[in-house]
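Participant: With positions in the sequence shown counted from 1, the corresponding number in our numbering is that position plus 74.
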Amino acid sequence: MRLRLAFGLTVAFATTAALASFAGCSSPEIQKPPPLVVADDDAAGRDSAPPPVELDSALPQTDATVTSGAVYLHTGKTLFLFEPYGKTLKKIGDFSCLGTGTFSEVGDIAVNRDGEIYGTTLDDTFIKIDPLTASCTVIAPERPGVRFPNSLSFVPRGTLDPANDALVGYFDDEYVRIDVTTGKVTSVGFLNPRDASTTYESSGDIVSVGQDRTYLSAKTYRGGSEVDGGDVIVRFDPKTGQRIAVTGSTNRTNIWGMGYWAGVAYGFTSKGEAVAIDPASGASTPIPLDAGGATSRQGVFYGAGSTTVAPTR
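#1: Quick one: is Asn388 buried, meaning 16 or more other Cβ sit within 10 Å of its Cβ, or exposed?
#2: Under 6 Å Cβ to Cβ from Ile203, same chain only, skipping five residues before and after it: list those, please.
#3: Short of 7 Å in beta carbon distance, which residues of its chain neighbour Cys171, apart from the five on each side in sequence? Order them along the chain.
#4: Taking the continuous beta strand (DSSP E) assigned at Gly377, which residues delimit it?
#5: Using three-state DSSP, classify Phe177 as helix, strand or coil.
#6: Could you tell me which of Gln316, Ile252, Val306 and His148 sits nearest to Phe264, measuring between CA atoms?
#7: Among Val180, Gly303, Gly243 and Glu300, which one has its Cα closest to the Cα of Gln372?
#8: Can you tell me which of the three DSSP states Glu157 falls into?
#9: Rounding to the nearest angstrom, what Cα-Cα distance links Arg221 and Leu155 in this structure?
#10: If you reduce the DSSP assignment to three classes, tell me which class Pro230 lands in.
#11: Could you give the C-beta distance for Ser227 and Ile280, rounded to a whole number, given that I count them as a contact under 8 Å?
#12: Nearest-angstrom Cα distance between Asp305 and Ser291?
#13: Rounded to whole angstroms, what is the Cα-Cα separation between Arg217 and Val254?
#14: Using DSSP bridges, identify the partner residues of Ser291.
#15: The beta strand (DSSP E) spanning Ser261 covers which residue range?
#16: Decide if Lys407 is buried, meaning its Cβ has at least 16 other Cβ atoms within 10 Å, or exposed.
#17: Which runs of the beta strand (DSSP E) spanning at least 3 residues fall entirely within the stretch 343-370, listed in chain order?
#18: Hey, is Ser370 close to the ligand ADP, as in C-beta under 7 Å from one of its heavy atoms?
#19: Beta-carbon separation of Asp286 and Leu163 under 8 Å?
#20: Might you give, ordered along the chain, the residues of its own chain that have their beta carbon closer than 7 Å to the beta carbon of Phe310, omitting 5 neighbours on each side?
#21: Nearest by alpha-carbon distance to Gly356: which of Ser380, Ile329, Thr381 and Thr260 is it?
#22: Looking at the unbroken beta strand (DSSP E) that takes in Arg317, where does it start and where does it end?
#23: Determine the direct distance from the alpha carbon of Thr207 to that of Thr314, and round the result to whole angstroms.
#24: Could you tell me whether the Cβ atoms of Pro312 and Val259 are closer together than 8 Å?
#25: Tell me the rounded alpha-carbon separation between Gly173 and Tyr146.
#26: Taking all protein chains shown into account, do 16 or more other C-beta atoms lie within 10 angstroms of the C-beta of Ser276, making it buried, or fewer, making it exposed?
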């Protein structure tokens with residue numbers, strides 16, 4: 075996710091105050107839904123968590139013959155392929171469609187069920203990326219007053235679209251959908267109830283695979299101040315964006331990219347770290363990873379993504 079949001083919380087303020095430039099200007103003018111209700115300690119006495127979302131029933135569970143997987147991750151300029159069984163990293167190539175400006179870096183990517191990759195840049199350009207070469211084409215160029223989120227992911231068909239995967243993301247805690255044809259951004263909902271004393275915002279990135287498996291790496295805030303302790307994993311309803319549960323802390327900060335394969339979430343940080351995350355508890359285990367000295371203007375890894383039909387165990 076890079077910094078358009080993760081860093082956007084840095085760039086956004088710097089950008090909102092200076093020149094509007096992850097991981098925050100104002101969101102597109104759209105009608106927003108009413109406050110959402112969540113089941114946790116901040117919403118005691120309210121309605122219980124929403125029921126499981128009815129999604130694609132044909133999602134793969136496991137296959138003993140599968141010996142390789144695919145999680146894509148990237149720096150600001152370069153696309154990589156992480157193989158989750160062998161824990162290997164391969165450089166695919168440099169993004170071909172970026173400009174020369176300060177914020178001409180890819181902030182996050184998302185992968186749909188067909189293996190197509192879409193991304194947003196820190197200068198708010200919406201692009202499509204060839205997974206074999208990293209060659210990219212611009213769908214929606216940078217325009218005054220238009221901003222794209224980081225923490226991108228597709229959510230499975232049957233969630234927001236009955237026939238297709240839908241591209242989503244977070245502006246802090248505002249959940250939005252992006253039209254992959256035009257780049258139009260539409261508000262869907264919010265992660266937090268409006269009166270919550272403890273709130274969560276994207277750190278961050280999203281992974282979404284199958285029934286009831288949609289997670290966000292997030293930062294914790296109390297009384298408007300960020301709480302130390304590392305990024306937490308938040309499970310949320312992909313139809314509304316509202317959080318269902320905070321599963322636990324990863325004890326890692328700036329998890330700007332996440333992918334998923336065979337029941338494990340893989341996190342990639344701005345420092346160049348890779349971790350295997352148990353999405354049910356948030357517990358993380360370091361993975362040795364050599365990015366060959368790759369760097370970005372604001373760190374190392376900016377984002378990651380994996381197909382919505384990755385195996386779940």
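Heads up, the beta-carbon is just placed ideally off N, CA and C, and yes, glycines get one too.
Facilitator: Short version:
#1: The first residue shown for the chain is 75 and the last is 387, placing residue 388 beyond what the model contains.
#2: The residues are Ile191, Gly193 and Cys210.
#3: Within the same chain, Cβ atoms closer than 7 Å to the Cβ of Cys171 are found at Ile201, Cys210, Thr211 and Val212, the five residues on either side in sequence being excluded.
#4: Residue range Gly377 to Gly379 is occupied by the beta strand (DSSP E) that includes Gly377.
#5: In the structure shown, Phe177 sits in coil (DSSP, three-state: anything other than H, G, I, E or B).
#6: Nearest to Phe264 by C-alpha distance, out of Gln316, Ile252, Val306 and His148, is Gln316.
#7: Nearest C-alpha to Gln372 among Val180, Gly303, Gly243 and Glu300: Val180.
#8: Residue state, collapsed to three classes: strand.
#9: When rounded, the distance between both Cα atoms is 27 Å.
#10: Secondary structure at Pro230: coil, using DSSP grouped into helix, strand and coil.
#11: Right, their Cβ atoms sit about 4 Å apart.
#12: Those two C-alpha atoms are separated by around 6 Å.
#13: Going from the Cα of Arg217 to the Cα of Val254 covers about 16 Å.
#14: In the DSSP output, where bridge partners are listed per residue, Ser291 has Ile307.
#15: Segment Val259 to Phe264, the beta strand (DSSP E) holding Ser261.
#16: Given a span of 75 to 387 for the chain in the structure shown, any question on residue 407 remains unanswerable.
#17: At a cut-off of 3 residues, the continuous stretches assigned as beta strand (DSSP E) that sit fully inside the stretch 343-370 are 348-351 and 358-361.
#18: In the structure shown, the ligand ADP is absent, as is every other ligand, since no ligand is present at all.
#19: Contact check for Asp286 against Leu163 fails: the beta carbons are separated by 8 Å or more.
#20: Take Phe310, set aside five residues on each side of it, and the residues of its chain with a beta-carbon closer than 7 Å to its own are Leu265, Thr288, Leu290, Gln316, Arg317 and Ile318, in chain order.
#21: Answer by Cα proximity: Ile329.
#22: Per DSSP, Arg317 is one residue of the beta strand (DSSP E) stretching across Arg317 to Ser323.
#23: Across the structure, Thr314 and Thr207 are spaced so that their CA atoms are roughly 35 Å apart.
#24: Between Pro312 and Val259, the CB-CB gap reaches or exceeds 8 Å.
#25: Note on geometry: alpha-carbon atoms of Gly173 and Tyr146 lie some 22 Å from one another.
#26: So Ser276 counts as buried.
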